[in-house]
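Numbered continuously in numbering that gives the first Met the number 0, the sequence shown closes out at residue 292. Quick notes on the structure that follows.
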Amino acid sequence: MPRFVRSSLLLVVFLVFAGPAWAGLLTLTVVSGLTTPDGETIILDPLLQESLSGSTLTQLGTPALFDPVLQGALGITVRITNTSDQEIAFPDLLPGISVLTSVSGISGYSARTNVAAGGSARSGGDGVEGAVSRTVLDLTVPLDVASSPVVGSHGGGGGAGTGVADCWISVTGASGYELAEFLAGLRLAPGASVDIPDFIRIAAFGRAVEGARIAFGFDLPTFSSGGVSVTTTAWTGAFTGPAPPGGPGGDPVAVPEPGTTAAWLAGLAGLCAGGRFRRMERDRVEERAREVR
């Protein structure tokens with residue numbers, strides 16, 4: 000049989016029997032930890048954003064939020080929803096969360112934005128650490144920026160901080176190890192969702208200029224599982240200023256000193272010690288996902 004005939008037959012067999020390349024889409028919604036000027040705590044993203052690179056950075060500022068009141072690191076609960084028509088199976092090893100921070104709207108200063116990617120998972124070896132990105136310009140207080148650490152083969156979460164003219168924010172994303180307590184091995188049907196506490200943490204926040212625009216964002220890096228390539232839309236929002244006394248956000252912020260790296264590591268130790276609780280929570284999440292299907 001001529002070679003070109005064999006090649007043609009092999010191509011036909013490949014096209015007929017090769018599995019289709021499916022694409023899955025996840026979206027993010029803040030469930031608790033933040034408050035909008037309207038008093039809402041479940042905060043929908045009005046603009047679908049692809050990732051923490053490219054066009055997402057031009058969309059910072061929606062939705063509007065009250066300045067957070069910090070008493071240690073502020074954990075934010077995020078809802079992941081499968082908005083595609085494919086069932087999404089989460090792998091056992093997960094990447095860490097990517098984060099960004101931005102400060103703008105201060106007279107005499109240009110905008111400053113930092114993006115820190117989450118580290119990837121690595122089967123059979125140590126996970127990849129998340130990136131750390133930090134910019135400080137005319138800041139009179141220290142600004143600590145930390146990523147969440149790698150645990151085993153999971154990826155670490157990114158850490159980003161921005162400080163301009165005594166306005167600052169520092170954010171850390173959850174590691175793959177933390178996410179795995181809720182997502183590893185979970186199959187999320189189309190339309191189903193799962194809530195994850197401490198998806199990110201705001202470790203430090205301060206505003207000395209009333210008109211300053213302080214923003215942040217986060218996403219789950221793209222991953223593949225079960226023949227489905229999964230993309231997560233990024234979520235971004237900006238703080239409008241302290242809540243008025245007695246308003247939905249409580250009293251105006253009392254600005255803390257930003258050095259919270261030690262508190263973050265202590266919190267991670269507590270998370271490891273509380274693994275039994277997280278496993279029970281994960282069982283409830285899986286049961287709910289099965290009911291949705």
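C-beta: ideal position from N, C-alpha, C; glycine also.
1. Quick one: residues in its chain with C-beta nearer than 8 Å to the C-beta of V77, no 5 flanking neighbours on either side, listed in chain order?
2. Quick one: grab the DSSP three-state call for L64.
3. Where does the unbroken alpha helix (DSSP H) through L25 begin, and where does it stop?
4. Can you tell me which of the three DSSP states L178 falls into?
5. In terms of alpha-carbon separation, which member of D37, A145, S52, A120 lies closest to A202?
6. With DSSP as the reference, label Q48 as helix, strand or coil.
7. Which parts of the stretch 50 to 137 are runs of the alpha helix (DSSP H), unbroken and 4 residues or longer, counting only runs that do not cross its ends?
8. Please state whether the Cβ-Cβ distance between R121 and V127 is less than 9 Å.
9. Let me confirm a value: A159 is counted as buried when at least 16 other C-beta atoms fall within 10 Å, else exposed. Which label applies?
10. With a 10 Å radius around its C-beta and 16 neighbouring C-beta atoms as the bar for buried, classify T294 as buried or exposed.
11. Taking only three categories from DSSP, how would you classify S147?
12. Answer yes or no: do I96 and G129 have a C-beta to C-beta separation smaller than 9 Å?
13. With distances taken Cα to Cα, identify the nearest neighbour of E49 among A237, P241, T221, T239.
14. Looking only at its own chain, which residues have a Cβ that is under 7 Å from the Cβ of L51, when we skip the five neighbours before and after it?
15. What three-state label does DSSP hand V208 in the structure shown?
16. Could you check what DSSP says for L43 in three-state terms: helix, strand or coil?
17. Determine the DSSP secondary structure at P196, reduced to helix, strand or coil.
18. Taking contact to mean at least 3 C-beta pairs separated by less than 8 Å, is the stretch 224 to 232 in contact with the stretch 102 to 113?
19. Excluding the 5 residues preceding and the 5 following L46 in the sequence, name in chain order all residues of the same chain whose CB lies nearer than 8 Å to its CB.
20. I'd like the list of long-range same chain contacts for W263, defined as Cβ closer than 8 Å, with 5 residues on each side in sequence excluded.
With the structure as the only source:
1. Closer than 8 Å at the Cβ level, and outside the excluded window around V77, lie L27, T28, V29, V30, D194, I195, F198, I199, F217, W234.
2. strand
3. L25 -> not in any alpha helix (DSSP H); beta strand (DSSP E) instead, spanning 21 to 31.
4. In the structure shown, L178 sits in a helix (DSSP, three-state: H, G or I).
5. Minimum Cα distance to A202 is reached at A145.
6. strand
7. none
8. yes
9. A159 counts as buried, since at least 16 other C-beta atoms from the protein chains shown sit within 10 angstroms of its C-beta.
10. Look at the range of the chain in this structure, 0 to 292, and you will see that residue 294 is not part of it.
11. coil
12. yes
13. T221
14. S97, L99, V114, G216, D218, A233
15. In the three-state reduction of the DSSP assignment, V208 falls in the coil class, being assigned neither a helical nor a strand state.
16. coil
17. P196 carries a strand assignment under DSSP once its states are collapsed to helix, strand and coil.
18. no
19. Cβ neighbours of L46 beyond the five flanking positions: Q58, T61.
20. Residue placement at W263 cannot be trusted, given a pLDDT of 37 that sits under 50; the coordinates are not used to answer.
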